[in-house]
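S.K.:
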Amino acid sequence: MIPLFKVNVPPSANTDTSLLGVLHSGYIGQGKKVEEFEAGLGDFLQARHILTTNCCTSALVLALRLAGVKYGDEVISCPMTCLATTSAIIQVGGVIKWADVKEWTGLIDYKDVKEKITDKTKAIVVVCWGGEPPPDLDKFQDFGIPIIIDAAQALGATFMGHPIHQFADFTCYSFGPIKHLTTGDGGAVVCSDSDYTKGRLLRWYGLDRTQSEAFRCQQDVVEIGYKFHMNDIAATIGLAGIPHIKQIIEHHRSNHIFYRNALSAHGKHCSGQVEAVGTSAWLFTMFVDEPERFKVFMAEGGVAVGQPHRRNDQNTYAEMFRVDLPNLDYFQKHYVCIPVGWWVSLGDRQKIVEYLYEYEIAGELL
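Count along the sequence shown starting at 1, add 154, and that's the number in the numbering used here.
Here you go:
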């Protein structure tokens, strides 16, 4: 079976030795390995101020907190995303205002966002579905409202030739088990110089870890924070992946382009037809009449496909926030993702396309 997702921890004797060294060092919390990982990540992302966290959900909570979102404040986002995006907003007491998505991309609709802004709107969370930034990413900051990019799926993505974090106040990344780069689990926030100082405190209870290691808890805490920091074990795993990340993303992009060209040649719809420059291609999204039927058909051929996320606004906890989102209705009903990652070989992707064409004979590809 060609899997839809696969964990990527590059095999390396040096990594194994380094990890064992950390495990038996007597210090496995946030230390030198975290500092090294943040430095390496900063070089890759071309970012100066990075706050690593224990997961992307924590990174989103930290970003919302730094953006000044308080209980009762409105936050605009779209439901086509991981539960982490929504749960982070609720955890800080935000009131979610859902914006619709573009029908054929699943990306947040800039025009719908504009219509839903009120004087209570304190932040806008822009989700990069499948690793693709919205085609109008540069316009969101014109609202004068803090912009948070949920880049959990968009490590290495660019817009107009620039890293996507240059178009936002905060950009949150994920290093979960199946992401391009994994730390086992982890996340990070890219932010400004002024926000970095405060974020560094909030990440660890409100205490300053740069002060003496002895009796840090004797410090006076001005603003209470969280236990969101990354540890040296996770950072060591992440350091093993950084040298390979460019190659990994390029492999994803190559497969993404191959699928897009194959489907477009037949007049079929896929999210890659609206190509944002520099997608990280974490997902390849296409559209079928009956996703469950398609899933069974492809599984019989040895290919795993599926819908990685269910629209958040259909969950019971989100009932109070529901609004009419016609484009998302269509997207959720018909979207499906096929394997696009670093593990998909040239032969694999050709096999997948052949199965797509075979399925097309029944007239089920949209």
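For each residue, glycine too, the CB sits at the ideal point set by N, CA and C.
1. Could you pull out every residue in the same chain whose Cβ sits closer than 7 Å to the Cβ of Asp266, ignoring the five residues on either side in sequence?
2. Near Thr337, which residues of its chain fall below 6 Å by C-beta distance, leaving aside the five closest residues on each side in sequence?
3. Going straight from the alpha carbon of Ala430 to that of Asp290, what length do you get?
4. Using DSSP with H/G/I as helix, E/B as strand and the rest coil, what is Ala342?
5. Quick check on the DSSP output: what are the complete alpha helix (DSSP H) runs of length 4 or more inside the region 252–292, in order along the chain?
6. With DSSP as the reference, label Pro462 as helix, strand or coil.
7. Flag this pair as yes or no: are the beta carbons of Ile230 and Ile271 separated by less than 8 Å?
8. Could you give the distance in angstroms between the alpha-carbon of Thr312 and the alpha-carbon of Ile318?
9. Find the nearest neighbour of Lys187 within the set Glu257, Asn385, Val375, Glu228, judged by alpha-carbon distance.
10. Per DSSP, Glu228 forms a beta bridge with which residues?
11. Report all residues from its chain with a CB closer than 7 Å to the CB of Lys224; omit the five preceding and five following residues, and keep chain order.
12. Does the beta carbon of Leu510 come closer than 8 Å to any beta carbon on chain B?
13. Ala221: buried (16+ other C-beta within 10 angstroms of its C-beta) or exposed?
14. Buried or exposed: which applies to Met155, given that a residue is buried once 16 or more other Cβ atoms fall within 10 Å of its Cβ?
15. Unbroken beta strand (DSSP E) runs of length 3 or more, entirely within the region 168–223: which are they?
16. How far does the beta strand (DSSP E) with Ile302 in it reach, from first residue to last?
17. Apply the 10 Å Cβ neighbour rule to Gln486 and answer buried if 16 or more other Cβ atoms are within range, or exposed otherwise.
18. Kindly list the residues whose CB is nearer than 6 Å to the CB of Pro233, restricted to its own chain and excluding five residues on each side of it in sequence; keep chain order.
19. Just checking, does the region 188–201 make contact with the region 273–289 on the three C-beta pairs under 8 Å criterion?
20. Suppose you measure from the CA of Pro300 to the CA of Ala322; what does that come to, to the nearest Å?
21. Would you say the region 351–364 touches the region 405–413, given that touching needs at least three Cβ pairs under 8 Å?
22. Report all residues from its chain with a CB closer than 6 Å to the CB of Phe159; omit the five preceding and five following residues, and keep chain order.
23. Which class does Glu454 belong to by DSSP, given the choice of helix, strand or coil?
24. Evaluate Ile204 with the Cβ neighbour count: other Cβ atoms within 10 Å of its Cβ, from every protein chain shown; 16 or more gives buried, anything less gives exposed.
25. How do the region 235–245 and the region 364–381 stand: do at least 3 beta-carbon pairs fall below 8 Å, yes or no?
26. For Met474, does the count of other Cβ atoms within 10 angstroms reach 16, so buried, or fall short, so exposed?
27. Report the residue from Cys424, Val375, Glu446 whose alpha carbon sits nearest the alpha carbon of Phe438.
28. Starting from Thr336, trace the alpha helix (DSSP H) both ways and give me its first and last residue.
29. Can you have a look at Asp304 and say buried or exposed, based on whether 16 or more other CB atoms are within 10 angstroms of its CB?
30. Note the first and the last residue of the continuous alpha helix (DSSP H) segment covering Thr351.
31. Please name the residue, chosen from Cys210, Ala394, Ala453, that lies closest to Tyr327 on a Cα-to-Cα basis.
32. How big is the Cα-Cα spacing for Ala394 and Tyr181?
M.R.: In terms of the structure at hand:
1. For the purposes of this step, residue 266 is taken as the residue at position 112 of the sequence shown. Within the same chain, and ignoring the five residues on either side of Asp266 in sequence, the residues whose Cβ sits closer than 7 Å to its Cβ are Ala253, Asp254.
2. Within the sequence shown, numbered from 1, the residue matching residue 337 stands at position 183. Here the set comprises Phe329, Ala388, Ile391, Gly392.
3. On the sequence shown, residue 430 is found 276 positions in, with the first residue counted as 1. On the sequence shown, residue 290 is found 136 positions in, with the first residue counted as 1. The predicted position of Ala430 is uncertain, since its pLDDT is 45 and thus under 50; a value taken from the coordinates is nonetheless stated next. If you take the alpha carbons of Ala430 and Asp290, they lie about 9 Å apart.
4. Position 188 of the sequence shown, counted from the start, is the residue given in the question as residue 342. The answer is strand: DSSP assigns Ala342 an E or B state.
5. 264–270
6. Position 308 of the sequence shown, counted from the start, is the residue given in the question as residue 462. Note: Pro462 maps to coil in three-state DSSP.
7. The residue labelled residue 230 in the question sits at position 76 within the sequence shown. The residue labelled residue 271 in the question sits at position 117 within the sequence shown. Going by C-beta atoms, Ile230 is nearer than 8 Å to Ile271.
8. The count along the sequence shown starts at 1 and reaches residue 312 at position 158. The count along the sequence shown starts at 1 and reaches residue 318 at position 164. Whole-angstrom Cα-Cα distance: 5 Å.
9. Here the question's residue 187 lines up with position 33 in the sequence shown. With distances taken between Cα atoms, Lys187 lies closest to Asn385.
10. Looking up residue 228 in the sequence shown gives position 74. Note: Glu228 sits in a beta bridge opposite Val249, Thr275.
11. Here residue 224 is taken as the residue at index 70 of the sequence shown, counted from 1. Once the five neighbours on either side are set aside, the close Cβ partners of Lys224 are Gly247.
12. Although the question refers to chain B, the structure presented lacks it and comprises just one protein chain.
13. Locating residue 221 in the sequence shown gives position 67, counting from the first residue. Counting Cβ neighbours within 10 Å, Ala221 comes out buried, since at least 16 surround it.
14. As a working note, residue 155 is residue 1 in the sequence shown. Per the 10 Å Cβ criterion, exposed.
15. 204–207
16. One-based indexing of the sequence shown puts residue 302 at position 148. Segment 301–304, the beta strand (DSSP E) holding Ile302.
17. Within the sequence shown, residue 486 is the residue found at index 332, counting from 1. The residue in question, Gln486, is buried, as its Cβ has 16 or more Cβ neighbours within 10 Å.
18. In the sequence shown, counting from the first residue as 1, residue 233 sits at position 79. Within the same chain, Trp252, Arg465, Asn466, Asp467 come within 6 Å of Pro233 by CB-CB distance, once the 5 residues on both sides are set aside.
19. no
20. Residue mapping note: residue 300 aligns to position 146 of the sequence shown, counting from 1. Residue mapping note: residue 322 aligns to position 168 of the sequence shown, counting from 1. The alpha-carbon atoms of Pro300 and Ala322 are separated by roughly 8 Å.
21. no
22. Taking the sequence shown and counting its residues from 1, one reaches residue 159 at position 5. Ile332.
23. Sequence index remark: in the sequence shown, residue 454 carries index 300 (1-based). Helix, per DSSP.
24. Translated into positions along the sequence shown, residue 204 becomes position 50. Buried, by the Cβ-count rule.
25. no
26. The residue labelled residue 474 in the question sits at position 320 within the sequence shown. The residue is exposed, with fewer than 16 neighbouring Cβ atoms inside 10 Å.
27. The sequence position of residue 438 within the sequence shown is 284, counting from 1. Ranking the options by Cα distance to Phe438, first place goes to Cys424.
28. Your numbering for residue 336 matches position 182 in the sequence shown. Note, Thr336: premise wrong, no alpha helix (DSSP H); not H, not E.
29. As a working note, residue 304 is residue 150 in the sequence shown. Looking at its Cβ environment, which holds 16 or more other Cβ atoms inside 10 Å, Asp304 is buried.
30. Walking along the sequence shown from the start, residue 351 turns up at place 197. First-last of the alpha helix (DSSP H) with Thr351: 347–356.
31. One-based indexing of the sequence shown puts residue 327 at position 173. The candidate whose alpha carbon is nearest that of Tyr327 is Cys210.
32. Counted from its first residue, the sequence shown places residue 394 at position 240. Counted from its first residue, the sequence shown places residue 181 at position 27. So the alpha carbons of these two residues sit roughly 19 Å apart.
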